[in-house]
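This report concerns only the one structure given below.
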Amino acid sequence: MAHIQLKNISKSFGNHTALIGLNLEIADGEFFVLLGETGAGKTTTLRMIAGLEKPSEGQVFIDGVDVADWGAAERDVALVLQQYSLYPRYTVRENLEFPLKPKIRRLPDAEIKDRVDRAARTLRIEHLLDRKTDRLSGGEMQRVSIGRAIVRKPRVFLMDEPLSALDAKLREALRTELKNLQMQLGATFLFVTHDQIEAMSMGDKVGVLNHGRIVQTGTPQEIYNNPRDTYVASFVGSPPMNLIDGRLVDNRAVMAPMNFELPFSGGARTSWGLDTGGATDGRPLVFGIRPEDVYLESGAPVEARVHDVENHGVEKILTLRVGDTMLRATVPARTDVEIEQPVRFAWNPDKVVLFDKGSGVSLRHAS
Amino acid sequence: MAAVRTSSEIGFNRAAIVAVLVVTIIFLAPIYWIASTAFKPRNLATTIPPTVVFQPEISPFVKLFAKRSQLRSPPTPEEYAAAPWWERVVFNGGEKIVRDGKGEVQWSGYPSRFMNSLIVAITSTVLAVGMGTFTAYGFSRFRVKGEADLLFFILSTRMLPPVVVAIPMFLMYRAVGLNDSHLGLIILYTAFNLSFSVWLMKGFMDEIPKEYEEAALVDGYTRMEAFFKIVLPEAATGIAATAVFCFITAWNEYAFALIMTSRRAQTAPPFIPSQVGSGLPDWTVIAAGTFLFLLPVAIFTFLLRNHLLRGMSFGAIRK
Chain A
5 MAHIQLKNIS KSFGNHTALI GLNLEIADGE FFVLLGETGA GKTTTLRMIA GLEKPSEGQV
65 FIDGVDVADW GAAERDVALV LQQYSLYPRY TVRENLEFPL KPKIRRLPDA EIKDRVDRAA
125 RTLRIEHLLD RKTDRLSGGE MQRVSIGRAI VRKPRVFLMD EPLSALDAKL REALRTELKN
185 LQMQLGATFL FVTHDQIEAM SMGDKVGVLN HGRIVQTGTP QEIYNNPRDT YVASFVGSPP
245 MNLIDGRLVD NRAVMAPMNF ELPFSGGART SWGLDTGGAT DGRPLVFGIR PEDVYLESGA
305 PVEARVHDVE NHGVEKILTL RVGDTMLRAT VPARTDVEIE QPVRFAWNPD KVVLFDKGSG
365 VSLRHAS
Chain B
256 MAAVRTSSEI GFNRAAIVAV LVVTIIFLAP IYWIASTAFK PRNLATTIPP TVVFQPEISP
316 FVKLFAKRSQ LRSPPTPEEY AAAPWWERVV FNGGEKIVRD GKGEVQWSGY PSRFMNSLIV
376 AITSTVLAVG MGTFTAYGFS RFRVKGEADL LFFILSTRML PPVVVAIPMF LMYRAVGLND
436 SHLGLIILYT AFNLSFSVWL MKGFMDEIPK EYEEAALVDG YTRMEAFFKI VLPEAATGIA
496 ATAVFCFITA WNEYAFALIM TSRRAQTAPP FIPSQVGSGL PDWTVIAAGT FLFLLPVAIF
556 TFLLRNHLLR GMSFGAIRK
């Protein structure tokens, strides 16, 4: 088990800069999820911790030791990839034994057998042990991949989108299993994904990566409720947070360009450290509101038309149209609405997040 | 693939089968010619029209392996009766087997030439494929400065027919004493095959996901161990295909063997046509020598046929 720290890491490949001034700290026994879009630099970060890539600048510490001169073998980390981490010529058992047999830490045969059997039991792949890996299904393969990691009891588990190639059902099942496994082992996990649902549901902590920079680090709740900027706000959450341009006038949020107004007063205002007198009024802002904090009510202040309805079983996601502005609202499934029907809506002002229009940074994070 | 075949598809299939048969027959005809001539009596080898039905004989092979000389007078009945069967077939052709002072049968030049061919072809193939595999791995996995230029340079060694450098090579070899030596030919053939081997192996290496080795590296293996345990088995198909091509090139090479070697290290290709018989050309002996010469490549290719099939279509399957 280990504590990992990345200090001021930059990495470029030729002219392409993959990471810029990255700082990251992963506590011992933490399930840390690195979330970002394709090309954000997630895999590069992972490979640098694994020792497969050297940072152009900055340092990697494992348990407080600078590991710049350590090869991949010495770092004692385990890597689970999206695919191609099983050897096609080997059986499942041989694949599981492989990490226990390198010269530098070869274990006695009895110990190897014991560990392989235990890992197989944990992952429920005992019946597959003698099968060749090309005869496995996607889910079985990924279980074996994880098995290859856990047999070794490494200091850190690094997982590069291990669930992305699987179908939805399996992904959900393995998500839970993986999380349970991590708690059971008490191990440090660094899990890389582009899927914000995975990040939210599995991570003790989430780091959002965008264009080679860490945008925000925090618990899933922090990231969800208090996004640092409009990028995080729109990336995390499904459907994403509504972002509407506007400004504050007195105790109202006045949306441009369509000039509809929503209340924003008292507690909501003071929670943002804004004076009640209206001195900050007029500043161009972006108002962020989660779809579940937008609700329909007959006496609500704004009228909109229902543009689209998505039925998700327990709930419906409505797209509301006010002039040219679209916003999403999550409503209970029993709500009866039709497309083009006029509705009235309001928001929960306490849940509104204010972003500076120019920089896109949340007013709470600006200072 | 459509489960139901239309009649035009069936017709096309039949036409394709006929075409394949015709091509196969055209390709196999010379091999049949060589094989049949190798078992013919000498007087039937050059008949017009060709003799198709004949009593096969082993005499061409006896003559191929034993040193012979022309008989001045027919053997006496006692001599004939005392001779073993393989000597009689030579007597029948008006020749006798040369023996040394102790009566030991003298070998012809063929077996040693055949051995030379095997030594040179196998060694140069192992060297070319081995070095090619390592080089290709390096090019495939690491960022090499000027990679494209280097690869082009390697390829450019094949842009001229090798024979154009035969005279300078001959002079250089004579100066350093490499002419008529196994080492000299091995170096030459390895050099010719290396560029081919690097390029072919690079294609195969690129096909092997680098994740395999990275997983091994992270698991505590060195780059070398990962290469031998993971990459090499995965590359077996490519290695087999490359080895067959290199072996065929080295085995069949004629021009340099003719120029660079005379006795000690001479390979079979320049030797066979030089043995046209002690009197008139004996085509049956030449055919026998050629027939045996064809066998190693045929056997080698046959043993590796499964790998070759995958090798021929590499890139087209499995991704």
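The listed protein sequences correspond, in order, to chains A and B. Count along the first sequence from 1, then add 4; that gives the number in our numbering. Count along the second sequence from 1, then add 255; that gives the number in our numbering. Glycine included, C-beta positions come from ideal geometry on N, C-alpha and C.
Between the beta-carbon of Leu23(A) and that of Lys11(A) there is about 12 Å, and that puts the pair past the 8 Å contact cut. Counting the other CB atoms within 10 Å of its CB gives Ala542(B) a total of 16 or more, which places it among the buried residues. In this structure, DSSP gives Ile352(B) an extended state, which the three-state scheme calls strand. Under DSSP, the beta-bridge partners assigned to Arg251(A) are Val258(A).
When the Cα atoms are used, Ile441(B) and Val381(B) turn out to be separated by approximately 10 Å.
When DSSP states are grouped into helix, strand and coil, Ala333(A) belongs to the strand group. For the segment 92-105 of chain A, the beta-carbon criterion of a distance under 8 Å to any beta-carbon of chain B is satisfied by Pro92, Arg93, Phe102, Pro103. Among the residues of chain B, those whose CB is under 9 Å from the CB of Ile108(A) are Gly475, Tyr476, Thr477, following chain order. The beta carbon of Tyr299(A) sits no closer than 8 Å to any beta carbon of chain B. Closer than 8 Å to the CB of Ala496(B) there is not a single CB belonging to chain A.
When beta bridges are read from the DSSP output, Lys136(A) appears opposite Thr95(A). Within the DSSP secondary-structure output, Leu558(B) pairs in no beta bridge. Within the DSSP secondary-structure output, His369(A) pairs in no beta bridge. Pairing Phe526(B) with Gly364(B) gives a Cβ-Cβ distance under 8 Å.
In the DSSP annotation of this structure, Pro267(A) is not part of any alpha helix (DSSP H); the continuous beta strand (DSSP E) holding it starts and ends at 265-267. Sequence-distant Cβ neighbours of Arg147(A) in its own chain, meaning closer than 7 Å and more than five residues away, are Leu127, Ile129. Around the beta-carbon of Phe282(B), fewer than 16 other beta-carbon atoms lie within 10 Å, marking it exposed. For the pair Glu350(B) and Val453(B), the Cα-to-Cα distance works out to about 51 Å. Taking 8 Å as the cut-off between beta carbons, the residues of the segment 436-468 of chain B near chain A are Pro464, Glu466, Tyr467, in sequence order. When the alpha-carbon of Thr492(B) is set against those of Pro536(B), Ile286(B), Asn561(B), the nearest one is in Asn561(B).
Counting C-beta pairs with one atom in each stretch, the segment 471-486 of chain B and the segment 397-417 of chain B have fewer than three that are closer than 8 Å, which means they do not touch. Cβ neighbours of Ala338(B) within its own chain (closer than 8 Å, five residues either side excluded): Pro330, Phe346. Under the 8 Å criterion on CB atoms, Glu480(B) is classed as interfacial with respect to chain A. Comparing alpha-carbon positions, the option among Ile286(B), Thr261(B), Ile265(B), Pro296(B) lying closest to Ala553(B) turns out to be Ile286(B). Residue Pro315(B) holds the alpha-carbon nearest to the alpha-carbon of Ala290(B) among Arg269(B), Pro315(B), Ala274(B).
With respect to chain B, the C-beta atom of Leu83(A) has a partner C-beta closer than 8 Å.
In this structure, the alpha-carbon of Gly387(B) lies about 24 Å from that of Tyr91(A). Using a Cβ-Cβ cut-off of 8 Å, Ser89(A) counts as an interface residue toward chain B, since at least one Cβ of chain B sits closer than that to its own. Listed in chain order, the beta strand (DSSP E) elements of length 3 or more contained wholly in the segment 13-98 of chain A are 20-30, 35-40, 61-66, 81-84. In the three-state scheme derived from DSSP, where H, G and I count as helix and E and B as strand, Ile503(B) is classed as helix. For Asn214(A), the closest alpha carbon among the candidates His7(A), Gly25(A), Ala82(A) is that of Gly25(A). Counting the other Cβ atoms within 10 Å of the Cβ of Trp362(B) gives fewer than 16, which makes it exposed. When only Cα atoms are considered, Ser529(B) and Ala510(B) end up about 14 Å apart.
Close partners of Leu56(A) in chain B (Cβ separation under 9 Å): Glu469, Leu472, Val473. Burial of Val344(B) is indicated by the presence of at least 16 other C-beta atoms within 10 angstroms of its C-beta. Within the same chain, and ignoring the five residues on either side of Phe161(A) in sequence, the residues whose Cβ sits closer than 6 Å to its Cβ are Ala82, Ala153, Ala191, Phe193.
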